[in-house]
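Chemist: Below is a structure I'd like to ask you about.
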Amino acid sequence: MSHTRTFKVVRALLVQCLVCSTFFMPTLANAATEHDSEFDELLALNPGVSASELASALDAESSEKGMSVQEYARSVLAEQRAAKEKYESEMQDMQIGGGGADLASIDGTAGATYLLPKSDYVGDVYWSPGVPHYGHVGIFSGRDWIVEAAGKPGGSNWDWVWNVTVPSGTVLFYFHTSQATQDAAAAYAYNHLLHYPYNWRFWSNKEYNIKSLNCSQLVWYAYYYGAGLDVDGDGGNAVFPSDIRDSSLSYIYRRL
């Protein structure tokens, strides 16, 4: 091949590369921008998690599930968006707004007007509004005392019902299961789930080896690992308070 022909071939290839790069660069830039936007939104929905912690967790969890990081991030973001939008819609219906509770103390007491009543049965659960962005749940390990992860100093803990104030809209419910199952979950919560620091990783809170707990995680964990019952109403990577309240197994018997 002559030098002239070689030069023409190389020049043609360079032109093709330039055209390709010009065509794809905006697409890649848009994808990166979209990914950054999704990451930022997920970070905002998990306020106690740093950017580096979120990135590391998404990388590890996506690998475990055989998904790309972006695919996994979109999946958990969609689930968290849905839970947040559902809660905000309920708050509008209740005409109490978004609650306004201080995120530093997630105890479900914003706008409180009632003392938490005794439950009908051991193992019952209460759900209360007023906590951004998902509400709050706790389990009755006795009819007059609860176990919960409320974001207070000392971590997850138990308390008497007369020390717990809740806002209007709070509901109490049990599950369509045996009393022995509810007893087992209640006992497990007290015997195994106290004094864990608060878990701000809302997007994925169903792992077995726990180091921290949030409210719905504690109740779900007590039932799933303590009694063999899955009370997450919609499955997914995470369990939110309304998922437990709206489970097909739950029966609301009291509204405040």
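With mature numbering (1 follows the signal peptide of the UniProt record, and there is no 0) applied, the sequence shown covers -31 to -1, 1 to 225. Note that CB positions come from ideal geometry on N, CA and C, so glycine has one too.
Could you give the DSSP three-state label for residue 126: helix, strand or coil?
Modeler: strand
Chemist: Whole-angstrom Cβ separation of residue 165 and residue 125, contact assumed at under 8 Å?
Modeler: 5 Å
Chemist: Kindly list the residues whose CB is nearer than 6 Å to the CB of residue 138, restricted to its own chain and excluding five residues on each side of it in sequence; keep chain order.
Modeler: If we look at residue 138 and ignore the five residues flanking it on each side, its Cβ neighbours are 63, 98.
Chemist: Which same chain residues end up closer than 8 Å to residue 12 when comparing Cβ atoms and leaving out the 5 residues on each side of it in sequence?
Modeler: 18, 20, 23
Chemist: Beta-carbon separation of residue 129 and residue 116 under 9 Å?
Modeler: no
Chemist: Does residue 224 come out as helix, strand or coil in the three-state DSSP assignment?
Modeler: Taken through DSSP and simplified to helix, strand or coil, residue 224 comes out as strand.
Chemist: Rounded to whole angstroms, what's the CA-CA distance from residue 53 to residue 174? Just pull it up for me.
Modeler: 16 Å
Chemist: Write down the C-beta distance between residue 90 and residue 209 rounded to the nearest angstrom, noting that I regard them as a contact closer than 8 Å.
Modeler: At roughly 23 Å, the Cβ-Cβ gap does not stay under 8 Å, so residue 90 and residue 209 are not in contact.
Chemist: For residue 107, which beta-bridge partners are listed by DSSP?
Modeler: Paired residues: 95.
Chemist: Would you say the region 24 to 39 touches the region 177 to 191, given that touching needs at least three Cβ pairs under 8 Å?
Modeler: no
Chemist: Skipping 5 residues on each side, what residues in its chain have a beta carbon closer than 7 Å to that of residue 218?
Modeler: Once the five neighbours on either side are set aside, the close Cβ partners of residue 218 are 144, 145, 146, 200.
Chemist: Under the DSSP definition of a beta bridge, which residues are partnered with residue 86?
Modeler: BP columns for residue 86 are empty, so no partner.
Chemist: Can you tell me whether DSSP reads residue 213 as helix, strand or coil?
Modeler: helix
Chemist: Can you give me the start and stop residues for the alpha helix (DSSP H) that residue 33 sits inside?
Modeler: 20 to 33
Chemist: Between 196, 194, 215, which lies nearest to residue 202 when the distance is taken from Cα to Cα?
Modeler: 215
Chemist: Using only the alpha-carbon positions, how far apart do residue 283 and residue 186 sit?
Modeler: This structure leaves residue 283 out entirely; the chain is present only between -31 and 225.
Chemist: Taking C-alpha atoms, which residue in 28, 60, 156, 51 lies nearest to residue 100?
Modeler: 60
Chemist: Beta-carbon separation of residue 133 and residue 85 under 9 Å?
Modeler: yes
Chemist: Kindly list the residues whose CB is nearer than 7 Å to the CB of residue 172, restricted to its own chain and excluding five residues on each side of it in sequence; keep chain order.
Modeler: These residues qualify, in order along the chain: 11, 15, 45, 49, 206, 207.
Chemist: Pick helix, strand or coil for residue 114, following the three-state DSSP scheme.
Modeler: It is a strand residue.
Chemist: Pick from 41, 110, 131: whose alpha carbon is nearest that of residue 82?
Modeler: Of 41, 110, 131, the smallest CA-CA separation from residue 82 is found for 131.
Chemist: Secondary structure at residue 146, three-state DSSP: helix, strand or coil?
Modeler: Secondary structure at residue 146: coil, using DSSP grouped into helix, strand and coil.
Chemist: Using 10 angstroms around the beta-carbon of residue 136, count the other beta-carbons present and answer buried if the total reaches 16, otherwise exposed.
Modeler: Buried, by the Cβ-count rule.
Chemist: Helix, strand or coil: which one does DSSP assign to residue 11?
Modeler: helix
Chemist: Count the other CB atoms within 10 Å of the CB of residue 170; is the residue buried (16 or more) or exposed (fewer)?
Modeler: buried
Chemist: What is the rounded straight-line gap between the Cα of residue 31 and the Cα of residue 112?
Modeler: Rounded to the nearest whole angstrom, the C-alpha separation of residue 31 and residue 112 is 41 Å.
Chemist: Does DSSP put residue 230 in a helix, a strand or coil?
Modeler: Summary: the structure shown does not reach residue 230, with the chain confined to residues -31 through 225, and so no result is reported for it.
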